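Visitor:
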Amino acid sequence: MRKKRRLYLMLTSIAVLGLAVLLVLSALEDSIRLFYDPTEIVEKGIKPGQDFRLGGLVATDSLERHEIKGAMVNKFTVTDGNETVDVTYEGLLPDLFREGQGVVAEGSMNSAGVFVATEVLAKHDENYMPKEVIDSLKKRGEWQRDKSAKTKAGAS
Amino acid sequence: MIAELGHFFLVLALGMAVIQALFPMIGAARRDGRMMALGPPAAYGQFIFTVGAFLALTYSYLQSDFSVAVVAHNSHSLKPLIYKISGVWGNHEGSLLLWVMFLALFGAMVAHFGRNLPKSLQARVLSIQALVGIGFFLFMLITSNPFDRLPNVPFDGNGLNPLLQDPGLAFHPPFLYLGYVGLSVAFSFAIAALIEGKVDPAWARWVRPWTLLAWVFLTIGIVLGSWWAYYELGWGGWWAWDPVENASFMPWLVATALLHSAIVVEKRDTLKSWTILLAIIAFSFSLLGTFIVRSGVLTSVHAFATDPERGLFILMFLALVIGGSFLLFALRSDRLQAGGLFAPASRESGLVINNLFLSVAAAVVLYGTLHPLLSDAILGIKSSVGAPFFNLVFGLLMIPLVITMGFGVHLQWKRARLKAVIGKLKMVTLLSLLAALMVLYVTYGGGIMPVVWMGLGVWLLLSMLQELANRIKLFQVPLKNSFERLLRQPRSSWGMSLGHLGFAIGLIGIVATSYWSLEQQKVMPVGDSMTIGEFTLTLDDVVAVAGPNYTAVRGAITVTDKNGNHYMAYPESRTYVASPMTTTEGAVRTTLSGDLFIVIGEMQGSDRWGMRVYYKPMQVWLWIGATVMVLGGFISLSDRRYRIGSPEGKKTAQKNKGKQAHAV
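Those sequence lines, one after another, are chains A and B.
When we follow our numbering, the leftmost residue of the first sequence carries the number 1, and every step to the right adds one.
When we follow our numbering, the leftmost residue of the second sequence carries the number 1001, and every step to the right adds one.
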C-alpha cells in the first residue's frame, strides 16, 4: 500500500513536472527578448520586424515631440557612443525618461532602419541607469566610473 | 560618536550570536542543561544590541549626520520625517541591519514563547537561528558597514529617490523582511528536527504558527509593494514579473505550500520529510530574495565584477546555508518515519496536489527569473524573459490548483467519497457555469480564457461559501442554531475560510483587471475632452502648486459618467527639489466595479498637456481579497490551540497523537 502510494505520487509529480517543462520551453521561445545596443544592431544586421530590447543613452537634444491627431509621437536617438539608432515611440514617455540618460525600449526595426518602440520601460533604479546599459557603455568605453559613485541598491 | 556606538553594538551582537550558536548546540548534544540555558539570555542580548545599532543608525538619519556614508548617500535635510526614518532601510546597508534585527527579534521570540518546548529542541532552534545571524553580522561588518564615515563631510545629502517617498513603500520592506525572516524560524525548526531525527505532530504544531506569521507578513509586504507600483508609478500596472517582484513571490508560494503540508504532519503524522524540505526551500528563497533585491548580484552577473567582495561573500553564504541544509537533509531524512496512510481521494491527497502545483509554480518562476542570468553567464547573450511567459505558464498551472482547492476543502481526511463531493457541489457548479455564460455573452469575441477564469473564480468563491454553510448546517437546522454554530467556529477554521475566500475574491479581481483594462492617451489643451469606456473627461484648468520638497502642476478635470453624474479629479505631476526628477500622482476614483485612473504628463508645446487615462475593472477586489486573506491569517494566529509552545497546545497535541482530530 505504502509503496503503491509512493509510486502514484512519483508518477503524478513526474507528469506535472514534465508538463511544466514542456510549457516552459514552448512559452519561453516566444517571450525571450534579446538585448542589443546600437553597435550590435549595426554589426549583427538585425532584420526588420524582429522584436528585441534596445538600450543606450538618449542623445542630448535629440528628442522631438510631434502631435499627430491628438496622439503623441516622440522621436529620439539612442547612442552607445559608437553607433546611433533613431527611435520613434507613440505615447507618453515615462517619468524617468530624460535626455542624456539611459533608456531601455522594446520594439523592432522598420524597413527604414528606425526602431519603432512599443514600450519604453518605466522602471529602473535611482541612478537612472539600467544595468544592461551600463554594461554596454562599459564595453564601448563610454562609461566613467565617477559618473555613478557606487551602484546603489535598486528601487524595490 | 553615535555611529561608532552603533558599530560597537553590532560587534557585541555578533559576540552574543556566537555564544547563542555554540553553547546551546553543544549543550543539547551533551544533555548539559546549564549550557542549553545560555541560549535564551544570549538571544535577548543579541536582540537588544541589534536594536541599539538600529537606533543609532536611525538617530544619524534624524540628525541628518552626513558624515555617515549611507546617510549622505540616501538622505537629505529637507526630507519629511517619515522618509528620514524609512530612509534607514531604503538602501543596501540599512536594509541588512533591519533584516538582522528582525532575525534577532524572532530569535528572542523563540526564546520567550518557546519556554515550554523540549529543552534540547529549543536549544538547537536558537543555535541555528544564531548561525544564520552570524553570517549576516559578518557580511555587514566586513563588506557593508552601515556606520562607515565619509572622509569629507558633504554639505547636504543625495536625497532619497522621490519614487520611494510614498507611505506604501516606506512600510513595504519591513513587512517583506518580517516575512522573509519569519521563515527562518521554520527553517531552524526543520534543521533542529533533522539533528534530533524526530518529527511528530507536536513539532508541526509548533512550526505552524511561525510559518503562518511569516506568511501573513510576506503577504502584507507583497501587496504593499504591488499597491505602491499601482498608485505611484502611474502606469496602471500592479504586477510586472520583474526579478524583484519574483524574489518575494517565490518564498510566498513555498510558504503557502509549507503552511498546508504542516497541517498534514500535524493531523496525520505523514509527509514529514517533504515538509522539512519545504521549510528549507522556503528560507533558501528568502535568502535569495534578499540578495536579489538588495545587492543586484543576481540581476546581473557583472555586479560581481564591480563588487567582488560582496558577491563572493553572498555566494559562499548561500552555498553554505542551502548546500549544508540539503546535505543534512540527505543524510538524516530517512530517519523520519511516515505515519498515517491515506486513499487517493482524501484531504491529504488534495493537499499533496496543492503542494505539487505550488512547488512547480515556484520552480517555473525561479527558472524565468534566472534564465537571463544563466544565458548571460553561459552564452554571453543578454536577454529578458517577459511577462507573457509568466502569465501563460503560471496561469495554466493555477487552473488545476484552483480546482483542487475548490474540491479539497470538502474532502475528508484518510478516505473521502469523491462522488458525494461532486454531488454536493452540483448547485455551485451550475451557478458558475451560468456566470461564465454571462461573461461570454457580455464580452463576446474577447477570447475564451477570461471566460474560463471568471467561471473558475466564481466557482471557487461559491465552493468556499458552501463549505462554510455545510459546517454551520445552514438550512439543515433552524437558522438560529446555524448562527450559534457560526459563532462557535474555532478561530483556526475562520482563518481557513477567510484565507480561501480572500484568495477567490482576489482571483476574480485579477482576472477582470488583467483581461478587461482600458487605456487612452491624448494631448489636450485646456477645455478639451476625451472619452474612455463610459466616462467623459474634460480638462478645465491646469495650475502650478508647491509642496514641502517639490513643485507640481495640477490638472482640474471634470469626469462625467453615462448617467450624467460627475466629479472632479486632480492629478499632479511633481518635480522634486533634491534630485531633478518628476513623479506622477494619479487621480484614482475607486469603486467596486472599477478604478478610473487619470495621469497628467508633461507639457507638450506651450499650452497642451499629455493625459493618460486607465479604466481598471474590479481592481479593488484584488486589494480586498488580499486584506481578507491577511485577516484570516491573523484570526487563525489568535487561536488558543496554536499559541506557540502553550502547555495546552502541547497537551492536546500529545493526546491527539494516536487518534486524529477532525476539525482543521
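The beta-carbon is built from N, C-alpha and C at its ideal position, and this holds for glycine as well.
Bear in mind that the values here come from a model prediction, so they are computed numbers and not experimental data.
Output yes if chain B places a C-beta closer than 8 Å to the C-beta of Phe-35 (chain A); else output no.
Guide: Yes, Phe-35 (chain A) lies at the interface with chain B (some Cβ there is under 8 Å from its Cβ).
Visitor: Starting from the beta carbon of Phe-1407 (chain B), find every residue of chain A whose beta carbon is closer than 7 Å, and list them in chain order.
Guide: Those within 7 Å of Phe-1407 (chain B) in chain A number zero; the least Cβ separation is about 16 Å.
Visitor: Here's the rule I'm using: 16 or more other beta-carbon atoms within 10 Å means buried, otherwise exposed. How should Pro-1041 (chain B) be labelled?
Guide: Counting Cβ neighbours within 10 Å, Pro-1041 (chain B) comes out exposed, since fewer than 16 surround it.
Visitor: Please determine, among B:Pro-1344, B:Thr-1143 and B:Ala-1043, the residue with the shortest C-alpha to C-alpha distance to Pro-1723 (chain B).
Guide: Chain B is shown from 1001 up to 1664; residue 1723 (chain B) falls before or after that span and cannot be answered.
Visitor: For Gln-1122 (chain B), which beta-bridge partners are listed by DSSP?
Guide: According to DSSP, which records beta bridges pairwise, Gln-1122 (chain B) is partnered with nothing at all.
Visitor: Answer with yes or no whether the minimum CB distance from Ile-32 (chain A) to chain B is below 8 Å.
Guide: By this cut-off, Ile-32 (chain A) is an interface position.
Visitor: Helix, strand or coil for Val-1402 (chain B)? Go by DSSP, reduced to three states.
Guide: In this structure, Val-1402 (chain B) counts as helix in the three-state DSSP scheme.
Visitor: Output the boundary residues of the beta strand (DSSP E) element that contains Arg-1485 (chain B).
Guide: That residue, Arg-1485 (chain B), is in no beta strand (DSSP E); its alpha helix (DSSP H) goes 1479-1488.
Visitor: Nearest-angstrom Cα distance between Met-1449 (chain B) and Gly-1027 (chain B)?
Guide: Cα to Cα, Met-1449 (chain B) sits roughly 59 Å from Gly-1027 (chain B).
Visitor: Do the region 1204-1212 of chain B and the region 1171-1187 of chain B touch if we need at least three Cβ pairs shorter than 8 Å?
Guide: Segments in contact, yes.
Visitor: What's the gap between the Cα of Leu-17 (chain A) and the Cα of Ile-32 (chain A)?
Guide: Each residue's Cα considered, the two are about 21 Å apart.
Visitor: Whole angstroms are fine: how far does the CA of His-1073 (chain B) sit from the CA of Tyr-128 (chain A)?
Guide: Low local confidence applies: a pLDDT of 48 at Tyr-128 (chain A) is under 50, so the model's placement there is unreliable, with the coordinate-based value given in what follows. Computed Cα separation, rounded: 15 Å.
Visitor: DSSP on Ser-1492 (chain B), reduced to helix/strand/coil?
Guide: DSSP places Ser-1492 (chain B) in helix when its eight states are reduced to three.
Visitor: Check whether the Cβ atoms of Phe-1357 (chain B) and Leu-1288 (chain B) lie closer than 8 Å to each other.
Guide: Their beta carbons are not under 8 Å apart, which means Phe-1357 (chain B) does not touch Leu-1288 (chain B) by this criterion.
Visitor: Under 8 Å Cβ-Cβ, which residues of chain A neighbour Pro-1490 (chain B)?
Guide: In chain order: nothing, as chain A lies at least about 30 Å away.
Visitor: Quick one: is Gly-1027 (chain B) near chain A, going by C-beta distance under 8 Å?
Guide: Cβ-Cβ to chain A under 8 Å: no for Gly-1027 (chain B).
Visitor: Listed in chain order, which residues of the region 1592-1604 of chain B have Cβ atoms closer than 7 Å to some Cβ of chain A?
Guide: If the cut-off is 7 Å between Cβ atoms, the region 1592-1604 of chain B has Gly-1601 and Gln-1604 near chain A.
Visitor: Closest to Ile-1525 (chain B) by C-alpha separation, out of B:Met-1611, B:Leu-1318 and B:Arg-1115, would be which residue?
Guide: A quick correction: the sequence has Pro, not Ile, at residue 1525 (chain B). It is B:Met-1611 whose Cα lies nearest to the Cα of Pro-1525 (chain B).
Visitor: Interface residues of chain B around Ser-13 (chain A) at Cβ under 8 Å?
Guide: Within chain B, the residues near Ser-13 (chain A) are Leu-1356.
Visitor: Would DSSP call Asn-74 (chain A) helix, strand or coil?
Guide: Here Asn-74 (chain A) sits in strand by DSSP.
Visitor: So which residues on chain A does Ser-1668 (chain B) lean against when the C-beta distance must stay under 7 Å?
Guide: The structure shown does not extend to residue 1668 (chain B), since chain B is modelled only from 1001 to 1664, so the question has no answer here.
Visitor: Apart from the five residues just before and just after Leu-1320 (chain B), which ones in its own chain have a Cβ nearer than 8 Å to its Cβ?
Guide: Closer than 8 Å at the Cβ level, and outside the excluded window around Leu-1320 (chain B), lie Gly-1135.
Visitor: I need the straight-line Cα distance from Thr-151 (chain A) to Met-1464 (chain B), nearest angstrom please.
Guide: Only weak support exists for where Thr-151 (chain A) lies, its pLDDT of 36 falling under 50; the value from the coordinates is given anyway. For Thr-151 (chain A) and Met-1464 (chain B), the distance between alpha carbons rounds to 48 Å.
Visitor: Beta-carbon within less than 6 Å of His-1007 (chain B)'s beta-carbon, same chain only, minus the 5 sequence neighbours each way: which residues are those?
Guide: Closer than 6 Å at the Cβ level, and outside the excluded window around His-1007 (chain B), lie Phe-1147.
Visitor: Would you give the residue range spanned by the alpha helix (DSSP H) that Thr-1582 (chain B) belongs to?
Guide: First-last for Thr-1582 (chain B): 1581-1585, but that is the beta strand (DSSP E), not the alpha helix (DSSP H).
Visitor: Using the Cα positions of Pro-94 (chain A) and Leu-1351 (chain B), report the straight-line distance between them to the nearest angstrom.
Guide: Approximately 44 Å between the Cα atoms of the pair.
Visitor: Are three or more beta carbon pairs between the region 1468-1482 of chain B and the region 1569-1589 of chain B nearer than 8 Å?
Guide: Short answer: they don't touch.
Visitor: Would DSSP call Tyr-128 (chain A) helix, strand or coil?
Guide: Only weak support is given to the placement of Tyr-128 (chain A): the predicted model assigns it a pLDDT of 48, under 50, and the question is left unresolved by the model.
Visitor: Please list the partners that Ala-20 (chain A) has in chain B, where partner means a Cβ-to-Cβ separation under 8 Å.
Guide: Chain B residues near Ala-20 (chain A): Val-1360, Ala-1363, Val-1364, Val-1393 and Leu-1397.
Visitor: According to DSSP, is Ala-1303 (chain B) helix, strand or coil?
Guide: Caution is warranted here: a pLDDT of 48 is assigned to Ala-1303 (chain B), below 50, making its placement in the model unreliable, and no coordinate value can be reported.
Visitor: Starting from Tyr-944 (chain B), follow the alpha helix (DSSP H) in both directions and report where the run begins and ends.
Guide: Chain B is shown from 1001 up to 1664; residue 944 (chain B) falls before or after that span and cannot be answered.
Visitor: Does Tyr-8 (chain A) get closer than 8 Å to chain B when you measure Cβ to Cβ?
Guide: So, interface residue.
Visitor: Does the beta carbon of Pro-1154 (chain B) sit closer than 8 Å to a beta carbon anywhere in chain A?
Guide: Pro-1154 (chain B) does not count as touching chain A.
Visitor: Go to Glu-40 (chain A), then tell me how far its beta strand (DSSP E) extends in each direction, as first and last residue.
Guide: Run containing Glu-40 (chain A): none in the beta strand (DSSP E); it sits in the alpha helix (DSSP H), 38-44.
Visitor: Give the secondary structure of Leu-1055 (chain B) by DSSP, where H, G and I count as helix, E and B as strand, and everything else as coil.
Guide: In this structure, Leu-1055 (chain B) counts as helix in the three-state DSSP scheme.
Visitor: Helix or strand or just coil, what does DSSP make of His-1410 (chain B)?
Guide: Coil.
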